Amino acid sequence: MNAPRSVFSTMTEVPSPLLQIRELHLWMRSFEGEAHVLAGIDLAVQRGEIWGMVGETGCGKSLTGLSISRLVASPPGRYAQGEVLFDGRDVLKLDEESMRGLRGRRIGMIFQDPTTNLNPVFRIGEQLTDVALNAARHSPEILGLPAGASRKDQRRAAREVAARMLETVRIPHARARLDDYPHQFSGGMRQRVLSAMALIGRPDLLVADEPTTALDVSVQAQILELLKDMVREFGMAVLLITHNLGVVAQSCTHVAVMYAGTIVERGPVREVLRSPTHPYTRALLAAIPTRDKKRGDLQGIPGAVPNLVHAPAGCRFAARCPRADALCHAKPPRLEASGAPACGHDVACFHPHV
Numbered sequence: 041m042n043a044p045r046s047v048f049s050t051m052t053e054v055p056s057p058l059l060q061i062r063e064l065h066l067w068m069r070s071f072e073g074e075a076h077v078l079a080g081i082d083l084a085v086q087r088g089e090i091w092g093m094v095g096e097t098g099c100g101k102s103l104t105g106l107s108i109s110r111l112v113a114s115p116p117g118r119y120a121q122g123e124v125l126f127d128g129r130d131v132l133k134l135d136e137e138s139m140r141g142l143r144g145r146r147i148g149m150i151f152q153d154p155t156t157n158l159n160p161v162f163r164i165g166e167q168l169t170d171v172a173l174n175a176a177r178h179s180p181e182i183l184g185l186p187a188g189a190s191r192k193d194q195r196r197a198a199r200e201v202a203a204r205m206l207e208t209v210r211i212p213h214a215r216a217r218l219d220d221y222p223h224q225f226s227g228g229m230r231q232r233v234l235s236a237m238a239l240i241g242r243p244d245l246l247v248a249d250e251p252t253t254a255l256d257v258s259v260q261a262q263i264l265e266l267l268k269d270m271v272r273e274f275g276m277a278v279l280l281i282t283h284n285l286g287v288v289a290q291s292c293t294h295v296a297v298m299y300a301g302t303i304v305e306r307g308p309v310r311e312v313l314r315s316p317t318h319p320y321t322r323a324l325l326a327a328i329p330t331r332d333k334k335r336g337d338l339q340g341i342p343g344a345v346p347n348l349v350h351a352p353a354g355c356r357f358a359a360r361c362p363r364a365d366a367l368c369h370a371k372p373p374r375l376e377a378s379g380a381p382a383c384g385h386d387v388a389c390f391h392p393h394v
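Heads up: the sequence shown begins at 41 in this note's numbering, then just goes up one per residue.
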């Protein structure tokens, strides 16, 4: 006798992704015309996963991250098609009040440059306290106070939350440093403050945009280890935006390779980096210096990124790809399984390396 359908469904059920981006198309108005900057982004992120989003400057990584919190101004931005589903809700259709309840609370964001994202005229403690108070408007349990607590008690509790979070991100003498200004912190410490700010609301998803840019190797390693610790402690998901494949290999569980507003390859880090099948992914890996490569052996990628105001009709990498043919120039390829379908390794290429 066959097993009851309900039992079978329970045994094979796959949890819904925390974040699912489906066929996202974003156009940006410019003096030249509208640029098709995101062309059909597809991505699914589960809790506990760290996804690295990697590619050349200007490929759309940051715009994808900003779209998750709907932080792309409209105009000049225009979403022509697609969905950004967070916990089953399409953020592109939510009203602004609902989005404020998600930003900083359920969706945290570490912006790229701590110099421009920390207010230089306010002490660190004031900035963190304000973030905690805002998060507590939607999730009062963050402050650990009973209903009806006075404004003074709320502010005192928020400052305590700020101090604990600075300790969590391993800033020495955290409580004393609440009264310091941003310029009194080093670059690495400012990046930790931004991390604390993003984590105060205990987000389910953290979008980290180039969190290790301009940091030395030792501080970079500490920041990446901190992100992994946060995933283990809070069970959240992370989208790590970077141009550094070494960072992806060191800290991510999955990777999405972007080129000119499209994802050309995605999947588990080991699968993609050990067996890259898209010519662009292989070209990126060939451009990484290693101890075995001799001077002059590094390979560049000929050509230039296409003008997205006049985006090509076919594969956006075709003009720079040695394997491209007429089909590649005629229509864009879709992401399809590369190798065993169960491994989750997908590639958008008519002529992938096998």
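Quick reminder that beta carbons are idealized off the backbone N, C-alpha and C, glycines included. In this text the structure is predicted, and so the values were computed from the model without any measurement.
Check	Outcome
On the DSSP bridge assignment, give the partners of residue 308 in chain order.	294
Please look up how many angstroms separate the CB atoms of residue 146 and residue 243, rounded, as I've assumed it's under 8 Å.	6 Å
Extract the residue ranges of the alpha helix (DSSP H) inside the segment 201–277, only unbroken runs of 4 or more that lie entirely within it.	214–217, 227–239 and 257–274
Taking 7 Å as the line, does the beta carbon of residue 133 fall inside it for any heavy atom of the ligand FMN?	You won't find the ligand FMN in this model; it holds no ligand whatsoever.
With three or more beta-carbon pairs closer than 8 Å as the criterion, would you say the segment 60–76 touches the segment 274–290?	no
Between 327, 303, 203 and 321, which has its C-alpha nearest residue 99's C-alpha?	303
Would you identify the three-state DSSP class for residue 288, choosing helix, strand or coil?	helix
Out of 374, 57, 158 and 248, which one is the CA nearest neighbour of residue 223?	158
Could you pull the start and end residues of the alpha helix (DSSP H) that residue 164 belongs to?	164–178
Can you say whether residue 321 is buried or exposed, counting buried as having 16 or more other CB atoms within 10 angstroms of its CB?	buried
When DSSP labels each residue in this structure, what does residue 146 get in the three-state scheme?	coil
With distance defined between alpha-carbon atoms, name the residue in 289, 384 and 272 nearest to residue 261.	289
Kindly give me the distance between the Cβ atoms of residue 287 and residue 312, rounded to whole angstroms, as I take these residues to be in contact under 8 Å.	Not confirmed; about 14 Å, so no contact.
Select from 315, 69, 106 and 307 the residue whose C-alpha is nearest the C-alpha of residue 117.	69
Could you please give the first and the last residue of the uninterrupted alpha helix (DSSP H) stretch that includes residue 391?	From DSSP, residue 391 is part of no alpha helix (DSSP H); its letter is neither H nor E.
Is it right to say residue 371 is buried, meaning 16 or more other beta carbons lie within 10 angstroms of its own, or is it exposed?	exposed
Between residue 307 and the rest of its own chain, which residues show a CB-CB distance below 8 Å, the 5 nearest in sequence each way excluded?	294, 295, 378, 383, 384, 385 and 386
Can you find a C-beta in chain C that's less than 8 Å from the C-beta of residue 356?	Looking for chain C here will not work: only one protein chain is present.
For residue 251, count neighbouring C-beta atoms within 10 Å of its own C-beta (all shown protein chains included) and say buried if the count is 16 or more, exposed if not.	buried
Mapping the DSSP letters down to three states, classify residue 350 as helix, strand or coil.	helix
When the distance is taken between beta carbons, is residue 62 closer than 8 Å to residue 122?	yes
Among 214, 209, 373 and 346, which has the Cα closest to the Cα of residue 259?	209
Out of curiosity, what's the CA-to-CA distance linking residue 365 and residue 95?	23 Å
If contact is defined by three or more beta carbon pairs under 8 Å, each pair taking one atom from either stretch, is the segment 199–208 in contact with the segment 228–244?	yes
Determine the DSSP secondary structure at residue 374, reduced to helix, strand or coil.	coil
Please report the straight-line C-alpha distance between residue 176 and residue 270, rounded to a whole angstrom.	20 Å
With a 10 Å radius around its C-beta and 16 neighbouring C-beta atoms as the bar for buried, classify residue 367 as buried or exposed.	exposed
Do residue 292 and residue 91 come within 8 Å of each other at the CB atom, strictly closer than that value?	yes
Report all residues from its chain with a CB closer than 7 Å to the CB of residue 395; omit the five preceding and five following residues, and keep chain order.	The structure shown has nothing for residue 395, since the chain only spans 41 to 394.
What do you get for residue 324, buried or exposed, if any count of 16 or more other CB atoms within 10 angstroms of its CB means buried?	buried
Mind checking whether residue 178 and residue 148 have CB atoms under 8 Å apart?	no
Is the beta carbon of residue 86 less than 8 Å from the beta carbon of residue 57?	yes
With a cut-off of 8 Å on the beta carbons, I'd call residue 199 and residue 165 a contact; round off their distance for me.	6 Å
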